[in-house]
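First up is the structure itself, then whatever we jot down about it.
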Amino acid sequence: MDKRYEKIIDLPHHKSSTHKPMTLYNRAAQFSPFAALTGYESVISDAQKSYETDMEHTGVHGETED
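Here numbering that gives the first Met the number 0 is used: position 41 in the sequence shown is 40, and no number is missing along the way.
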């Protein structure tokens with residue numbers, strides 16, 4: 000461990016006396032900018048289905064070795 004943190008690593012977590020802890024819902028909302036990729040899961044799923052269909056038509060199954 001980095002010696003700079005030895006004195007503070009085991010200290011209790013700070014709890015504000017003026018602010019309530021953030022709810023899990025609000026904490027999760029901080030990551031909502033990643034939802035900007037709306038529809039991404041659908042595109043990936045469609046691509047996977049298309050790939051699997053192509054592999055069925057070509058007779059290739061599973062991963063190939065390079």
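Even for Gly, the Cβ is constructed at its ideal location relative to N, Cα and C.
- CA-CA distance, residue 26 to residue 18, rounds to 14 Å.
- Between the C-alpha atoms of residue 57 and residue 38 there is a straight-line separation of about 29 Å.
- At a cut-off of 4 residues, the continuous stretches assigned as alpha helix (DSSP H) that sit fully inside the stretch 11 to 53 are 23 to 28.
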